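In numbering that gives the first Met the number 0, the protein residues as written are 0 to 395.
Quick reminder that beta carbons are idealized off the backbone N, C-alpha and C, glycines included.
Bear in mind that the values here come from a model prediction, so they are computed numbers and not experimental data.
Data first, discussion second: the structure below is written as structure tokens.
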Amino acid sequence: MANICVGITGGIAAFKAVTLVRELGRRGHSVRVAMTRSAQKFVGEATLAGVTGTPVLTELFGVPGEPHVALGDWSDLMVIAPATMNAIAKLAGGLTDDPVLTTASCMRGPILVAPAMHHRMWDSPATQRNIRILREDGISFVGPESGPLASGASGMGRLSEPETIADAAEAMLASSGELSGLRVTITAGPTLEDLDPVRFLGNRSSGKMGYAIARAALRSGASVRLISGPVSLRAPQGVELINVRSALELHAAVFDALENSDVLVMAAAVADYRPKTKAEAKVKKSDGAWSIELVRNPDILAEVGATRAAGSHPGLTLVGFALETSDAVERARGKLERKKADLIVANLAADSFGKDSNRVTFVTRSGANAIEQASKDAIAAALVREIASLRTTGRE
Ligand code: C5P
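Structure representation (structure tokens):
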């Protein structure tokens, strides 16, 4: 059973935090609470002290005699419920001017945020931007849900039900040790193949899936090396980031990393071809056509698979992606064989490119496991579970 800290911030939904705290306690966890001053206007400190049987952190300078980092140190998981627009903005900005934020800032374990606010606040560009930042920082979310709001309006912004939040918290705790102690290398994003100093051939990969896998692997206790093509995402704190541009650079970085990897996840959209030559100076336009001769890039995944089949890196778990425009699962099976991988994540370009959600099927030698449409973070968490189970059952 885990030590869970519930951070309550000042929204009308704060009253539901009492049920959440009781629910977590009922499930056998030790729960402590931190509250902001405005949360105390909605629900009393005495109620939460009574429900948890421990003092509540209500002051920035902590429970007397305890350093301000103590609660973050104690907690395996922090749940912030409800999280107001203001709390989310402060968290994204790294502010620490209340007991909830101070605790969040020195958490040693993961953080789950359950937002609750008026639907226009939820939809505001600032909130959506801050949510993106926090996701990139590796923070997880549950809800909000759509329905009647305190103002009388209806829309997206309701706090998830306490049972739903408790389920999400337990799912995070369950996944937080799955790849513990393993070294996971993940490739992400596109590769760009230069034609001259200003032009390149590229593809539309956003890198979102690979970055989500990096966050999920970190949460599951792995040490993570992220080899990334050019993307406009921030790497989660705690990963070792290696930036590359071309397929050849990615190839070199992957082979460098192999010696120190237990798992390799090839989520990058590696260019299959590169221009035969790169012009030193910008190619001047002329009236005629420009023919570009392309040569094959190495198939990195297939090379790693072949290396392993030849006896190198026997303990490596090898995961690839198959992005198709049709028959994704069928083609993934072919790829599993040809590239000698352990797992291929099959998906369709129309479901995936640039989006925050996706629909995938995990194809292994022992079968296919279809995951319904879900956020890339949820798919990444499912992939971590699949990898963990592959490693326990061994390669078939
Ligand atoms: O054959 P296809 O490109 O569809 O295979 C996709 C999988 O192979 C992905 O995991 C991708 O990262 C990897 N790949 C690679 N090197 C290439 C092309 C794809 O490692 N040149």
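Would DSSP call residue i helix, strand or coil?
i	result
ALA80	strand
ASN357	strand
ILE291	coil
THR363	strand
SER285	coil
PRO114	strand
GLU385	helix
SER260	coil
GLU239	strand
ILE440	Nothing about residue 440 can be reported from this structure: the residues present for the chain run from 0 to 395 only.
ASN368	strand
ARG203	coil
LEU322	strand
ILE138	coil
ASN296	coil
ILE11	coil
ALA1	coil
PRO208	Note on residue identity: the sequence assigns Met, not Pro, to residue 208. Of the three classes helix, strand and coil, the one that applies to MET208 here is helix, per DSSP.
VAL230	coil
ARG330	helix
ARG26	coil
ARG131	helix
ILE166	Inspection of the sequence shows that residue 166 is occupied by Asp rather than by Ile. Looking at ASP166 - three-state DSSP - the assignment turns out to be helix.
ALA193	Before going on, a small fix: residue 193 reads as Asp here, not Ala. ASP193 falls in the strand class under three-state DSSP.
GLY156	strand
THR104	Checking the sequence, you will find Ser at residue 104 rather than Thr. Reduced to three states, the DSSP call for SER104 is helix.
For residue i, which residues in the same chain have their Cβ closer than 8 Å to its Cβ, ignoring the five residues on either side in sequence?
i	result
LEU347	LEU322, GLU323, THR324, SER325, ALA327, ARG358
ALA301	ARG337, LYS338, LYS339
SER174	ALA215, ARG218, SER219, ALA380, VAL383, ARG384
GLU169	ARG26
GLU44	MET34, VAL55, THR57
ALA309	none
GLN236	ASP136, GLY137
ALA305	LYS339
SER139	PRO109, ILE110, LEU111, VAL112, ALA167, MET171, ARG218, ASP376
PRO313	ARG307
I'd like to know whether the C-beta atoms of residue i and residue j end up nearer to each other than 8 Å.
i	j	result
GLY206	LEU232	yes
VAL55	VAL32	yes
LEU76	LEU172	yes
GLY201	ALA187	no
SER317	ARG364	Just to set this straight, residue 317 is Leu in the shown sequence, not Ser. In this structure, ARG364 does not lie closer than 8 Å to LEU317 by Cβ.
LEU150	HIS117	The question names Leu, but residue 150 in the sequence shown is Ser. Contact flag set, yes.
VAL141	ALA115	no
ALA165	LEU23	yes
VAL30	THR51	yes
ASP97	ARG182	no
MET120	MET155	no
ALA242	SER227	Residue identity check: residue 242 is Asn in the sequence provided, not Ala. Against a cut-off of 8 Å, the Cβ pair of SER227 and ASN242 comes out as a contact.
VAL303	ARG273	no
PHE352	ARG203	yes
LEU315	LEU389	no
Once the 5 residues before and after residue i are set aside, which same chain residues still bring their CB inside 7 Å of it?
i	result
ILE299	LEU249, HIS250, VAL253, MET265, VAL269
GLU144	ARG157, SER159
LEU100	LYS89, LEU90, LEU94
ALA1	HIS28, ASP75, LEU76, LEU172
LYS375	LYS207, MET208, ALA211, ASP355, SER356, ASN357
THR392	none
What whole-angstrom Cβ distance do residue i and residue j have, given they're in contact under 8 Å?
i	j	result
PRO81	THR190	Not quite, the Cβ-Cβ distance comes to about 42 Å (not below 8 Å), so this is no contact.
ALA349	THR360	The pair is not a contact, with the Cβ atoms about 15 Å apart (cut-off 8 Å).
ILE79	ILE110	7 Å
VAL197	LYS284	The pair is not a contact, with the Cβ atoms about 12 Å apart (cut-off 8 Å).
VAL238	VAL223	4 Å
LEU178	ILE386	7 Å
ALA38	ALA12	Their Cβ separation, rounded to whole angstroms, is 10 Å, which puts ALA38 and ALA12 out of contact at 8 Å.
THR102	LEU70	5 Å
ALA400	ASP195	The displayed coordinates of the chain run from 0 to 395. Any statement about residue 400 would go beyond what the structure contains.
ASP72	ARG128	That belief does not hold up - the Cβ atoms of ASP72 and ARG128 are roughly 30 Å apart, past 8 Å.
Counting only the same chain and skipping the five closest in sequence on each side, list residues whose C-beta sits under 6 Å from that of residue i.
i	result
GLU292	LYS275
ALA86	THR8
ALA246	THR190, VAL269, ALA270, ASN296
ALA345	ALA321, ALA327, VAL328, ALA331, THR360, VAL362
LEU19	ALA80, PRO161, ILE164
ILE3	LEU23, HIS28, VAL30, LEU76
I'd like to confirm something about residue i: is its beta-carbon nearer than 7 Å to some heavy atom of the ligand SAM, or not?
i	result
SER311	This structure lacks the ligand SAM; the ligands present are the ligand C5P.
With distances taken from each beta carbon to the nearest heavy atom of the ligand C5P, which residues come in below 5 Å, in chain order?
MET265, ALA267, VAL269, ASN296, ASP298, ILE299, LEU300, GLY319, PHE320
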